[in-house]
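Chains A and B are the protein sequences, given in the same order. Our numbering applies: residue 7 is where the first sequence begins, and numbers increase by one. Our numbering applies: residue 324 is where the second sequence begins, and numbers increase by one. Shown next, in structure tokens, is the structure this report addresses.
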Amino acid sequence: QKTSGKLSENLTGLVTKAKLDDAILDQIEEALIISDLGPATAAQIRETLSKTRFEKNPTDDAVRHIIADEIESILAPVAVPLEIDAFPRPQVILVIGVNGSGKTTTIAKLAHNYIEEDYGVMLAAGDTFRAAAIGQLQNWAERIGVPIIAGKEGGDAASIVYDGVKKCTQDGTDILIVDTAGRLQNKSELMDELAKIRKVLGRLNPAAPHNVILVLDATTGQNALSQIEIFGKVANVTGLVMTKLDGTARGGILVAAAKQFGLPIHAIGIGETMHDLKPFNARELAEAIAGISDIEND
Amino acid sequence: MFDKLSDRLGGVFDRLRGRGALNEQDVLLAMREVRVALLEADVALPVVKEFVDGVTQLAIGQQVLKSVAPGQQVVKIVNDALISILGGETSGLNLAVTPPAVIMMVGLQGSGKTTTTAKIAKRLKEKERKKVMMASLDVNRPAAQEQLEILGKQIDVATLPIVAGQLPVDIAKRAMQAAKLQAFDVLLLDTAGRLHVDTALMAEMKAIAEIGKPQETLLVVDSLTGQDAVNVAKNFSDEVNLTGIVLTRMDGDARGGAALSMRTVTGQPIKFAGVGEKMDALEEFNPERVAGRILGMGDVVGLVERASEII
Ligand SMILES: Nc1nc2c(ncn2[C@@H]2O[C@H](COP(=O)(O)OP(=O)(O)OP(=O)(O)O)[C@@H](O)[C@H]2O)c(=O)[nH]1
Ligand SMILES: Nc1nc2c(ncn2[C@@H]2O[C@H](COP(=O)(O)OP(=O)(O)OP(=O)(O)O)[C@@H](O)[C@H]2O)c(=O)[nH]1
Ligand SMILES: [Mg+2]
Ligand SMILES: [Mg+2]
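Right under this line is the structure:
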């Protein structure tokens, strides 16, 4: 009986329901573009919504929820937490990305979270290039209370990472998080260095690095797609973290990325302290893009 | 990944060809392609709208309709309009004051302020024989002050000695005093990265500006920036008297539409482009080249020349 009741409800719904008009669809498309989904993805979502039936004269709020639903359905499959399950230990997490995207800070946040969960964590200062990059990571390691393996500025990143894995294996440390120098994806010699780090790691443990995390800055526009594509090819990216979502940028490029690459999105950064990382939540980002609610630090 | 605008426009006009003269409607159709090209290049939507409206008027008023190569003609009009907005007034640093001339660097986190501070210092020292000092007012990011100190050593430029625990405003005062006492020509103030919506940090930036009375306040912007460029540009220029923009990471493969957004929203010239991590990787901004990039065409100049020959 319940079923038939529901069915008739749906049927009457169909009769009275209308489609969104072009003016509303235009507005939706523009809102999506402003959130950095890019013109192509925004047009696709517009197309999907144009075929959907709605209440006649839907309220602003109802339209926003429909947009959020559509975006959530794209993002939900890629909302995947970063699991610590490597055997043998350590689980090696390599963190890569373009300059200034937030790699080092994200590493500090991850380390802090894992320490809270009682894992043993070690950091490796694989950015031997940028001025005071090692000092920055050392400073974080001290604050969080985790050991760090570091060499000299200008030294060989791969050999530091190699030493890090050996040390973790000896000490029974669960997780080794590796910082790397920022690099633009079109610089082939710098990208080769990443491939080298991968190779050296693989010699110690064929499964390492277990995770290769590409850190994307939410402020970045369409170039993020090129970053995912090229870093993906060179370094076998296994997942994404998006930083700086505490600003006004909405990170809509993740929607385009989810459609195009389907890579897991692990977490988002929402501030500069070690407490400002939270798991990626598809609904939350969808609501932020649809303008229903902001991303909160909870 | 992206189509060239010229190809797209060629497509639009080819479809219309053989139907006789093109009309206003055809130009509007072409402008839809221009809009998408600009959006793909990350030009901010409100800026795209304003730009496309302006260019549409221009295009309709010109000879596009009669041209034998209307696609290229439209590209030329769009390209010229882009260059004229991106270029505008002259863009060198204006340091003609009783020394020390103060340059304050501001911007979002990780945009490239510290690196650019050192690059500009090196340039002033070597090209203009100025006596330069740099001071980091960044007490937020771990090792930020050390970063500037190391860069200072690399380029042989003085940095204000680090005093642990001092607040940015006090560091600014100390820097001013030191620069005056030691007769520096230029004092560069590197500030912490801040979000344009962080009221506390924006207030701090204003307080620093009060003390430094900077001759130049440069907003450092990542050329990879997307649609958020308008918010950033607007909030920063509402809070301090910006005098120019520096676009960093122009050595990447981004189309760099943020350049147009920044230029339009702040009204300030783009003074430099960062083209790498090394201390020499700073160039004067080149509007022609950037216009070509935004339109997705390295060969815009050649294309435009060919178009001009035809007309
Ligand atoms: N507001 C905000 N700032 C962030 C976030 N994550 C990082 N930052 C800031 O962004 C700036 C750059 O962060 P880093 O962690 O040094 O970036 P990186 O990718 O390691 O940079 P390079 O090593 O130079 O390539 C710093 O000022 C950080 O405090 C975030 O989620 N929100
Ligand atoms: N490829 C490239 N990298 C750059 C450029 N300018 C700066 N960088 C790099 O970008 C990263 C961040 O630069 P910083 O100068 O530390 O940025 P910042 O704005 O001072 O960062 P915060 O102080 O944390 O806000 C570093 O890895 C720099 O080497 C550039 O023009 N091209
Ligand atoms: Mg780093
Ligand atoms: Mg800095």
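Backbone N, C-alpha and C fix where the C-beta goes; we use that ideal spot for every residue, glycine too. Given the structure is predicted, the values throughout are model-derived calculations rather than measurements.
Do the CB positions of D330 (chain B) and G579 (chain B) come within less than 9 Å of each other?
Taking the second sequence and counting its residues from 1, the one referred to as residue 330 (chain B) is at position 7. Taking the second sequence and counting its residues from 1, the one referred to as residue 579 (chain B) is at position 256. Cβ distance not < 9 Å, so D330 (chain B) and G579 (chain B) don't count as in contact.
Going by CA-CA distance only, name the one from A:F267, A:P96, A:F286 and A:L55 that's closest to T244 (chain A).
In the first sequence, counting from the first residue as 1, residue 244 (chain A) sits at position 238. Looking at the Cα atoms, A:F267 is the closest of the given residues.
Rounded to the nearest angstrom, what separates D461 (chain B) and L512 (chain B) at their Cα positions?
Locating residue 461 (chain B) in the second sequence gives position 138, where the first residue counts as 1. Locating residue 512 (chain B) in the second sequence gives position 189, where the first residue counts as 1. If I take the Cα positions, the gap works out to 10 Å.
Could you please go through the chain and list the residues whose beta-carbon is closer than 7 Å to any non-hydrogen atom of ligand 4?
B:K436, B:T437, B:D461, B:R464, B:A467, B:Q470, B:D513, B:A515 and B:G516
Within its chain, find whatever has a CB closer than 6 Å to the CB of P215 (chain A); leave out the 5 residues flanking it on each side and keep chain order.
In the first sequence, the residue the question calls residue 215 (chain A) occupies position 209. The residues are V98, L100 and L207.
Just how far apart, CA to CA, sit F286 (chain A) and A273 (chain A)?
The count along the first sequence starts at 1 and reaches residue 286 (chain A) at position 280. The count along the first sequence starts at 1 and reaches residue 273 (chain A) at position 267. Rounded to the nearest angstrom, the two C-alpha atoms are 4 Å apart.
So what does DSSP say about T440 (chain B), is it helix, strand or coil?
The sequence position of residue 440 (chain B) within the second sequence is 117, counting from 1. It is helical.
Just how far apart, CA to CA, sit E35 (chain A) and P610 (chain B)?
The residue labelled residue 35 (chain A) in the question sits at position 29 within the first sequence. The residue labelled residue 610 (chain B) in the question sits at position 287 within the second sequence. One C-alpha to the other measures close to 30 Å.
Neighbour flag for T18 (chain A) against chain B, beta carbons, 9 Å
What you label residue 18 (chain A) is simply residue 12 of the first sequence in a count that begins at 1. Legend: pLDDT at T18 (chain A) = 48, less than 50; position of this residue unreliable, no value from coordinates given.
Check whether chain A comes within 9 Å of M324 (chain B), counting only Cβ atoms and requiring the distance to be less than that.
Taking the first residue of the second sequence as 1, we reach residue 324 (chain B) at position 1. Reliability of the predicted coordinates at M324 (chain B) is poor, the pLDDT of 38 falling under 50, and no value is obtained from them.
Three Cβ pairs or more, each shorter than 8 Å: is that satisfied between the segment 452-470 of chain B and the segment 127-139 of chain A?
yes
Partners in chain B for T244 (chain A), counting only beta-carbon separations shorter than 9 Å:
Taking the first sequence and counting its residues from 1, one reaches residue 244 (chain A) at position 238. Result: empty, since nearest Cβ-Cβ is about 22 Å, beyond 9 Å.
Between the segment 593-608 of chain B and the segment 395-414 of chain B, do at least 3 Cβ pairs fall closer than 8 Å?
yes
Decide if L20 (chain A) is buried, meaning its Cβ has at least 16 other Cβ atoms within 10 Å, or exposed.
To locate residue 20 (chain A), count along the first sequence from 1; it is residue 14. Low confidence applies to L20 (chain A): its pLDDT is 46, below 50, so where it sits in the model is not reliable enough to give any reading.
Taking any Cβ of chain A, which residues in the segment 573-587 of chain B have a Cβ under 8 Å from it, in chain order?
D574, G575, D576, A577, R578, G580 and A581
May I ask you to report which of helix, strand or coil DSSP gives I634 (chain B)?
The residue labelled residue 634 (chain B) in the question sits at position 311 within the second sequence. Interpretation of I634 (chain B) is limited by its pLDDT of 46, a score under 50 that renders its predicted location unreliable; the figure taken from the coordinates is listed afterwards. Looking at I634 (chain B) - three-state DSSP - the assignment turns out to be coil, as it is neither helix nor strand.
State yes or no: is the beta carbon of T134 (chain A) nearer than 9 Å to at least one beta carbon in chain B?
Locating residue 134 (chain A) in the first sequence gives position 128, counting from the first residue. So, not an interface residue.
With DSSP collapsed to three states, give me the class of G394 (chain B).
The residue labelled residue 394 (chain B) in the question sits at position 71 within the second sequence. Correct three-state label for G394 (chain B): helix.
Using a beta-carbon distance cut-off of less than 8 Å, what residues from the segment 588-600 of chain B approach chain A?
E600
Name the chain A residues whose beta carbon is nearer than 7 Å to that of A443 (chain B)?
If you number the second sequence from 1, residue 443 (chain B) lands on position 120. Position check: residue 443 (chain B) holds Ile in this sequence, whereas Ala was assumed. Simply none; closest approach about 16 Å.
Closer than 9 Å, CB to CB, is E363 (chain B) near chain A or not?
What you label residue 363 (chain B) is simply residue 40 of the second sequence in a count that begins at 1. Yes - at least one Cβ of chain A is within 9 Å of the one on E363 (chain B).
For ligand 2, I want to know if N609 (chain B) counts as a neighbour, meaning its beta carbon is within less than 8 Å of at least one of the ligand's heavy atoms.
By one-based count along the second sequence, residue 609 (chain B) stands at place 286. The answer is no for N609 (chain B).
Shortest alpha-carbon distance to Q538 (chain B) belongs to which of B:A495, B:E600, B:L418 and B:E606?
Here residue 538 (chain B) refers to the residue found at position 215 when the second sequence is read from its first residue. When only C-alpha atoms are compared, the closest one is B:L418.
Residues in its own chain within less than 6 Å of R616 (chain B) by CB, not counting five upstream and five downstream?
If you number the second sequence from 1, residue 616 (chain B) lands on position 293. Hits under 6 Å: R578 and G579.
Show which residues of chain A have a CB atom less than 7 Å away from the CB atom of A466 (chain B).
Translated into positions along the second sequence, residue 466 (chain B) becomes position 143. Within 7 Å Cβ-Cβ: A138, G141, Q142 and N145.
Pull the bridge partners of D513 (chain B) from the DSSP assignment, please.
Position 190 of the second sequence, counted from the first residue, corresponds to residue 513 (chain B). The partner list for D513 (chain B) (beta bridge, DSSP) reads B:M428 and B:S459.
At a cut-off of 8 Å, would you count L88 (chain A) as near ligand 6, judging by its Cβ distance to the nearest heavy atom?
This structure lacks ligand 6; its bound ligands are ligand 1, ligand 2, ligand 3 and ligand 4.
Label A552 (chain B) either buried or exposed according to how many other C-beta atoms from any shown protein chain fall within 10 Å of its C-beta, with 16 as the threshold for buried.
Counted from its first residue, the second sequence places residue 552 (chain B) at position 229. Label assigned to A552 (chain B): buried.
Whole runs of the alpha helix (DSSP H) within the segment 225-282 of chain A, excluding any shorter than 4 residues
229-241 and 259-266
Just checking, does the segment 359-378 of chain B make contact with the segment 423-432 of chain B on the three C-beta pairs under 8 Å criterion?
no
N554 (chain B), buried or exposed, once every other Cβ within 10 Å from all chains shown has been counted against 16
Along the second sequence, one-based indexing puts residue 554 (chain B) at 231. With 16 or more other Cβ atoms within 10 Å, it is buried.
Tell me the rounded alpha-carbon separation between L510 (chain B) and L352 (chain B).
Along the second sequence, one-based indexing puts residue 510 (chain B) at 187. Along the second sequence, one-based indexing puts residue 352 (chain B) at 29. Between L510 (chain B) and L352 (chain B), the C-alpha separation is close to 52 Å.
Could you tell me whether the Cβ atoms of E76 (chain A) and T54 (chain A) are closer together than 9 Å?
Numbered from its first residue, the first sequence carries residue 76 (chain A) at position 70. Numbered from its first residue, the first sequence carries residue 54 (chain A) at position 48. Cβ atoms of E76 (chain A) and T54 (chain A): closer than 9 Å.
Under 9 Å, Cβ to Cβ, is there at least one residue of chain A near D330 (chain B)?
Counted from its first residue, the second sequence places residue 330 (chain B) at position 7. It does not: the Cβ of D330 (chain B) has no partner Cβ on chain A nearer than 9 Å.
Range of the contiguous alpha helix (DSSP H) that encloses K594 (chain B)
Stepping through the second sequence from its first residue, residue 594 (chain B) is reached at position 271. K594 (chain B) -> not in any alpha helix (DSSP H); beta strand (DSSP E) instead, spanning I593 to G597.
One question on the structure: do G44 (chain A) and E363 (chain B) come within less than 9 Å of each other, judged by their Cβ atoms?
Residue numbering aside, residue 44 (chain A) sits at position 38 when the first sequence is read from its first letter. Residue numbering aside, residue 363 (chain B) sits at position 40 when the second sequence is read from its first letter. Result yes, Cβ atoms of G44 (chain A) and E363 (chain B) sit closer than 9 Å.
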